Structures are given as C-alpha cells and as structure tokens.
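Right, one structure below, let's go through it.
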Amino acid sequence: MSLMNKQIKVALIGNPNTGKTSVFNQLTGLNQKVGNYPGITVEKKEGVCKLSRGVKAHILDLPGTYSLNATSLDENLVIELLLNKKDKDYPDVAVVITDVENLKRNLLLFTQIKDLKLPTILVINMADRMDRKGISLDVALLEKKLNTRIALVSSRKGTGIDRIKELILDYRSLSTEPCVNASAIDRTYFDSLQNAFPDQDLYKLWLVITQDANFADLNRHTVPDTSSFNTKSRSELKRLQQKEAIHRYQFINNTLKDTYTTDMHAAKGLRASLDRILTHKVWGYVIFFGILLLMFQAIFNWSAYPMDFIDESFASLSEWAKGILPAGVFTDLISEGLIPGIGGVVIFIPQIAFLFLFIALLEESGYMSRVVFLMDKGMRRFGLSGKSVVPLISGAACAIPAVMATRNIENWKERLITILVTPFMTCSARLPVYLIIIALVIPDKRVMGLNYQGLMLMILYLLGFLAAVGSAYVLHKILKTKTKPFFVVEMPNYKIPLLKNVVITVVEKTKSFVFGAGKIILAISIILWFLASNGPSERFDNAEEIVTEHHQGTVISEEELQTEIASYQLENSYIGIVGKAIEPAIRPLGYDWKIGIALVSSFAAREVFVGTLATIYSVGSEEEDTIKNRMAKEINPATGEKLFNLATGVSLLLFYAFAMQCMSTVAIVKRETNGWKWPIIQLVFMSAFAYITALIAYQVLK
Amino acid sequence: MKTTIAHLKRGEKGIITDIPIDIIPVKLFEMGCLPGNQVELLQVAPFRDPLYLNINGSFLSIRRETALLIEIEKINETTEL
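Just so you know, the protein sequences line up as chains A and X, in that order.
Here the numbering used here is used: position 672 in the first sequence is 670, and no number is missing along the way.
Here the numbering used here is used: position 74 in the second sequence is 111, and no number is missing along the way.
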C-alpha cells in the first residue's frame, strides 16, 4: 500500500544544451511548477510523471551542469543535493541526459554521477540527428561497458520517452557500481584520505575537498567536514583534478572506440555556414540590431492592442462593479482599489509575453550564444558580461521582465550588477511623463534641422543608458565576490525551436510574474487607494459642502464642481497631507506640494504621475492639451513666476530618469535576489542619485 | 616565442601542449581542453576577443586572456597539400 503512494524521486541531470528541459517537458507536460530553491535564486523546476501500474515519479529538473566541480551557483546546488542523502529532494534514481553529437564530453558528467554510487540511467538525446550526422551507436555494448541502462531518445520527435519511464519504474535493478576508479590518480593520497574518514564515501570526500579549492561555498552542515585534512596545496589539488579529467576521458575514449562511429563524409551541417554570417564582424552586428528592432516593434506596437483592450476592459469592469454593487466603502475598495490594482498587473502581460517569446526563440535556436560572443568584449569594460545584453535591451521596454531575463547569467556578480543597473534604462512607463514635461518646457524649435524636443527625448534615453553602464562600472569596482569570474560559453548547434518548449517557457515566466510581483503591486495599489480616498480631518469628510458653499452665488457647471470637490478632497487626503509634508524637502528641486503628491503617488508606479497631476490641477478630461495648458498656467507661489519653467522641467525630467519609482521592480528584484538587501540599496541609491541631479539641475538653471 | 591558442589564425589548428593548471578553471579541462587534444580556431570577434574554438569536438568561446595562457603546437596543414 505504501509503495503505491510513494513517488519515485528522479533527478534529471545533464550538461546545458542537451535538451534536458525538453525531456523534462515530455515527461511532465504542463504538470510542473517553477519555484526558487530556498535562500538562493536558482530556479527549481519539478513535476510529476505517471508511470505504469499506478506508480508516479516526482521529477526534479536540476540546473544544467558541466561537471560535479562547481563553478557557478547553479552547479553548486546540484553537488550539494547529491552529496546530502538526508535532503528531501535526494533522488532515488539519477537520469543523466546527453546529446548524441556531444556524447564524449557529456559522458564526463555521467561517469562522475556514477561514482556517487547512485542508480543512474543514461539518456542519449537528439537521436533524430544521428542519420544526418552519420553517427552509429552500439547501444547494447555501450550499456555493458558503462554498466547502466540506456534510453535512446528524441525529445524533438517524442520518441524513447516511454523507455525512460520503464527504466525509472525498474530503477532498483540498476547497478550502482562506479565505472571509473577516481582514486587511481593518486593511490597514496586517496588511501590516507579514506583512513582519516573511514565512515565516508571516498569519492564524496574527494568532491568536498576539491569544491573547497574551486568554489568554497558548500554548506558545512550537510557534507562531511574535511577541513582538518590539509595534505595537499591548492595547485597540487588542481593538478590531481586535471589528472582526473584525463583519466575519465581515457575511459570514455576507450568505451566509445568500439561503440560509437561517425561517418566523416556525412554532411558537415549548418553550423559553419550560419556562423560565418551570424558571428561576422560586420554582418553579425547588423543582424543582431535588426533582430532588436523587430523585438522593440513587437513589444511596443503589437502589444499596444492587447494592452489597450485590457485597460478598457478593466475600466468598464470597474464601472460595472460600481453600478451593480450597493454603494459603500466596500464597493469603492473593489471598484477603485482592487480592480484597477489587478488591471495594473494584467496590463504588463502582453509586453512580458512578447519579450519572453523572443528570448525563448533566441535561446532555443542557439543564437543567443552568438550574441554573447559578439557583445562580450564591449560589455566587459563595465563589469558586465556578454550575457547582460538581453536584460539591458529588455529594460527599455520594462524592467520587470528584464530583471527576470538576467537568469541566463551564470556568474552571480555579473548577474547582480545587471539586475541593479537595468532599472536605469528608459522603460515605457517613463515615456508619458517625459512627453508632457518636454512639451511644457522645451521650446518647439529647430537647430540645424533637429527639433529641440526630439533631441531632449533622445538625450534622456541616452542618459538612462549611460547611468546604467556608469553605475555598473562603479559596482564592478566595489563589489567583491569569492567566485572568480571566467568566461567559457558553449556554442550550441543551431536548432529550430520546439513550439512546446517555447510555449511552456512563455507561460511559466508570465505566470511567475503575475503571481510573484502581482501580489505586491496589488497590495500597494490598495494602500494608495486608501490613502487617496481617506483623510483625517473634517475638511476631507465635508469636502462637498465646503466646496459647494465656496461657490455659492457663482455660476459653475456640475462637472466643474465635481472635479473641484475631487481635487479639494485629494488635497486633504492622507496622500495630500504627505505631499504638503514633504514640500520643504522638494522645494530646492523647484517643486510645490502638488508635484509632491504626484511624486509620492508615482513612487509606486511612475506612470501615475500624469494622471495624478490631472486630478490635482482640477482637469475634468485627461486630454493632454488641457492638462498641459493648466500646468503651463501654474504659478510658483515662492517666486511668483511660472511653476513649470525650464529649471523645474529639467529637474523633473532628471528625477524621473533616475529615480526607481516602480514598486513592481522592487518586488521583482527582491524575488530575484531573495531578500530585501539589494532592492533597498538600489532604491536608496537611485532615489538619492535622482534627487541630487535634479537639485543640481534646478539650482544651476533657475 | 611560445605559440598559444590566441596566436592561431582563423581555420588553423593546433595540439594543446601545456596549460597553466593554477590559473585555468577546472571547467575548461572538463570540456576537453587537455594536453594532447586538438584545437581549431573557428571565428574571432572584433579585436580578436573572444575566440570561438572547436576543442576536441566541443564548440566553445573563451576570452583572449585565457587563450593566451594555453600553449599549443600548430598543425601545419599547408605542407600536406
């Protein structure tokens, strides 16, 4: 009975680019979930697979790893799990995924896993490419030589998946004998190691010792403590590791000699001819920028239609809820807080989905590695890596998916820097703010055929980019990490992306945004709604009477009266009081308390700025021209001059260019860095930087 | 003057002779960058950095600073013609 309920715990292990995730998708379908491992930001993908006879397998898709000698956080995780038998995820059986074209290199990891004395199944994937590449394989002999069971699989065609399921079900019959004796590389050393720790497994001890030399980040509570055993220097250990690699390759070469043949006359393949164009010194960049252009087109133009639709739908849903529910605070909360709050999350879905669609296509096809190759040199000057290109570009659409896209960067320091600087890129939410302020303060004149206003907009985009790479450079100089950054990028084969993989990626990433960041956005918008629709004093509660009384005797339309009441209420709401309270702090920047309200309310989302000003300046319609005219008439009570002059305008533009002002980004950075430390540092730094530049600009220009 | 991977021209091949074990990451050994294995330079980015290689059947790109550390013996194919 207990056997029926127990799930077989399976770990999928394999080098990157072996189609491991495709196999995972084939085994689990949409029956999977993506989360984070506690304490670190490595994605944890797990799913359930139904085997025959009512038995189920719990499948854990471990991060891609080249070997059991960790050089990244992802790889470290795999080793910690495999060294710790008490871990709840410790597998009953390991399934090692390999690519038939790279079998030699992929088998290195297999021999290491086998040395852990874990039941291990070998999956040889991409079997559909064997004919074209002239590869033939003696599976039966290979099974014997490697002392394992093999499934020849094509995750693309979906063949061989049932064989994996059969082998998993029958895992108890797998041999747990190692196929390489690692201790042969230095008998005396390994003997003394075993004598020092007679209860421990020798290969595991060796792994712990060498991890210390490489990565120095293993969790001491879960692995045997070998720190007392220091009989070799670092460089001696490394020499042994090289010997171990040679030893393993000797075994692999001997094994493959009789079982694996390649017909050299078979077609050389697509790689060389595609690479000649795609990594070309000139055409490579031209093509890359062409793809970028297409991406931006999609993110801005194509997603505008669904976004408008979502916007309108939520607005009418709000109206509808207001109409159908009995009037009261609860209805207001739903129609003014909850529904617009959910709408604020949902509206990001088209952009995020488009972005991840493109990224998934570029990744799946193998093109992304070529971009990394092309851009690495340029990015390195700023402490970034070739892999930072995609997030930075995405940041010009929206920082949220951009921060999520940094997951491709293995090196933690380079990834962290990328996460921290990406919000400087000019995202689409800054655009409406820029447009209205530029129209107000920058003259619509031309110099040498160039429009001042267009020029200003371009400068702002450029400033965002410069702030990003500039702060990356500073962070690069001050951040210290234990991991030594080094750059080895595998250049995978070109492949036609698998629809199923692309769809699953887009759905998973979008889902994790909606449920991850969504919760926080929703909470913030409800709080904002509360603060804007409640006030502590009589003046808030009796706004209607006060304003009506004030207008006694004057002719005023109902609509004008309503907007004036709304604006009077806002002034006396909690958020209005906050605006007045911070006025002394923002006066040196050239702002009054009304801009203060806009700043406070756009603290959560900068695009709120225009809408808030519209309400404050008692504008009934949100037509841009009207807001603009009203704003243009505003007088600064301190100076008696126009409030929105060049100095105030430029100061505001710079403030919005550099301030973080996006709760969703804070939420996503918190999630991606697993803690409040970095988002708070980022928020404080960006706000301070924005304040200081705005201050300098106003004081110089006024 | 010693020859390293960074000294290869596009399309040229060599046999790895010596690797400074202390500096080169283990990962590179494990990807097949070991003495005796063949390396071919396939493509270079502008400023010859990074380099795109075929090492022992693995397609990798490494930075120039790393390539300069890996000594090789060039295979002179032109003499075979």
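For every residue, glycine included, the Cβ atom is placed at its ideal position computed from N, Cα and C.
These numbers come from a predicted model, not from an experiment.
Quiz item: Taking 8 Å as the CB-CB limit, is X:Ala43 close to chain A?
Solution: no
Fill in: Helix, strand or coil at X:Lys111 according to DSSP, with G and I counted as helix
strand
State yes or no: is the beta carbon of X:Gly48 nearer than 8 Å to at least one beta carbon in chain A?
-> no
> Which residues of chain A have a Cβ atom closer than 8 Å to the Cβ of X:Gln75, listed in chain order?
Replying inline: For X:Gln75, there are no neighbours in chain A by C-beta distance under 8 Å, as the nearest C-beta there is about 13 Å away.
Considering Cα atoms alone, identify which of A:Ile633, A:Cys396 and A:Gln349 is closest to A:Val505.
A:Gln349
Quiz item: Span of the alpha helix (DSSP H) holding A:Ala688?
Solution: Per DSSP, A:Ala688 belongs to the alpha helix (DSSP H) from Lys675 to Leu699.
| request: Quick one: residues in its chain with C-beta nearer than 7 Å to the C-beta of A:Lys110, no 5 flanking neighbours on either side, listed in chain order? | output: The residue you asked about is not Lys; residue 110 of chain A is Gln in the sequence shown. Same-chain partners within the cutoff: Ser65 and Leu66.
Who are the Cβ neighbours of A:Leu272 in its own chain at under 8 Å, not counting the five residues just before and after it?
Tyr492
**OP:** Give a yes or no on contact between the region 131 to 139 of chain A and the region 153 to 169 of chain A, applying the rule of three or more CB pairs nearer than 8 Å.
**Re:** no
Element boundaries [alpha helix (DSSP H), containing A:Glu605]:
Looking at the DSSP string, A:Glu605 is not in any alpha helix (DSSP H), and its letter there is neither H nor E.
Between the Cα of A:Leu496 and the Cα atoms of A:Ala657, A:Ser20, A:Gln451 and A:Pro14, which residue gives the shortest distance? A:Ser20
_List, in chain order, every chain X residue whose beta-carbon is nearer than 7 Å to that of A:Ala243._
Here the neighbours are Phe66, Glu67 and Leu71.
Review point. So, using beta-carbon positions, are A:Arg161 and A:Ala149 closer together than 8 Å?
Key: yes
### Task
Evaluate A:Gly158 with the Cβ neighbour count: other Cβ atoms within 10 Å of its Cβ, from every protein chain shown; 16 or more gives buried, anything less gives exposed.
buried
For the region 410 to 421 of chain A and the region 455 to 470 of chain A, state whether three or more C-beta atom pairs, one from each stretch, are separated by less than 8 Å. yes
Which residues bound the alpha helix (DSSP H) around A:Ser649?
Leu644 to Phe656
State whether the region 43 to 52 of chain X contacts the region 72 to 80 of chain X, with contact taken as three or more CB pairs (one from each stretch) at a distance under 8 Å.
A contact exists between the region 43 to 52 of chain X and the region 72 to 80 of chain X.
Helix or strand or just coil, what does DSSP make of A:Met52? In the sequence as presented, Met is not what sits at residue 52 of chain A; that position holds Gly. Coil.
- prompt: Are there 16 or more other CB atoms within 10 angstroms of the CB of A:Tyr303, so buried, or fewer, so exposed?
  reply: exposed
| Residues of the region 102 to 120 of chain A whose Cβ lies closer than 7 Å to any Cβ of chain X, in chain order | Lys102, Arg103 and Leu106
Between the Cα of A:Ile494 and those of A:Trp281, A:Ala358 and A:Asp256, spot the shortest distance and give me the residue it belongs to. Selected option, being the one with the closest Cα: A:Ala358.
What do you reckon, are the CB atoms on A:Ile666 and A:Val401 nearer than 8 Å? yes
Please go through the same chain and pick out, in chain order, the residues whose beta-carbon is closer than 6 Å to the beta-carbon of A:Leu651, but skip the five residues on each side of it.
Ile435
Exercise. Terminal residues of the continuous alpha helix (DSSP H) containing A:Leu597?
Worked result: Trp591 to Ser599
Using DSSP bridges, identify the partner residues of A:Asn722. Because chain A spans -1 through 700 in this model, residue 722 of chain A falls outside it and cannot be assessed.
### At least three beta-carbon pairs within less than 8 Å, the region 299 to 318 of chain A to the region 367 to 383 of chain A
Note that the region 299 to 318 of chain A does not touch the region 367 to 383 of chain A; fewer than 3 beta-carbon pairs, one per stretch, sit closer than 8 Å.
Would A:Glu73 and A:Thr63 qualify as a contact pair, given that the criterion is a beta-carbon distance under 8 Å? yes
Since X:Thr54 meets chain A, which of its residues come closer than 8 Å, beta carbon to beta carbon? Under the 8 Å cutoff, chain A gives no residues; its nearest Cβ is about 14 Å from X:Thr54.
### Query
Taking the continuous alpha helix (DSSP H) assigned at A:Lys320, which residues delimit it?
Here the alpha helix (DSSP H) through A:Lys320 covers Ala302 to Ile322.
Q) Quick one: Cα of A:Ala92 to Cα of X:Asn93, how far? A) 27 Å
Note to self: Looking at the strands, I want to know which residues DSSP matches up with A:Thr260.
What the structure shows: The partner list for A:Thr260 (beta bridge, DSSP) reads A:Ile133.
How would you write the range of the alpha helix (DSSP H) that A:Tyr471 sits in, first residue to last? For A:Tyr471, the enclosing alpha helix (DSSP H) has its first and last residue at Tyr450 to Ile476.
Notebook entry, point to check: Just the Cα atoms here: how many angstroms apart are X:Lys46 and X:Thr40?
Noted result: Rounded to the nearest angstrom, the two C-alpha atoms are 12 Å apart.
Sort out for me which residues DSSP pairs A:Ser152 with in a bridge.
A:Thr157
Open item on the list: Can you tell me whether A:Ala395 is helix, strand or coil according to DSSP?
Closed with: coil
Query - Pairwise C-alpha distance: A:Ile297 and A:Val617 - result: Residue confidence is low: A:Val617 scores 42 on pLDDT, short of 50, so the model does not pin down where it sits. Its coordinate-derived value is still stated next. Going by the C-alpha atoms only, they are around 31 Å apart.
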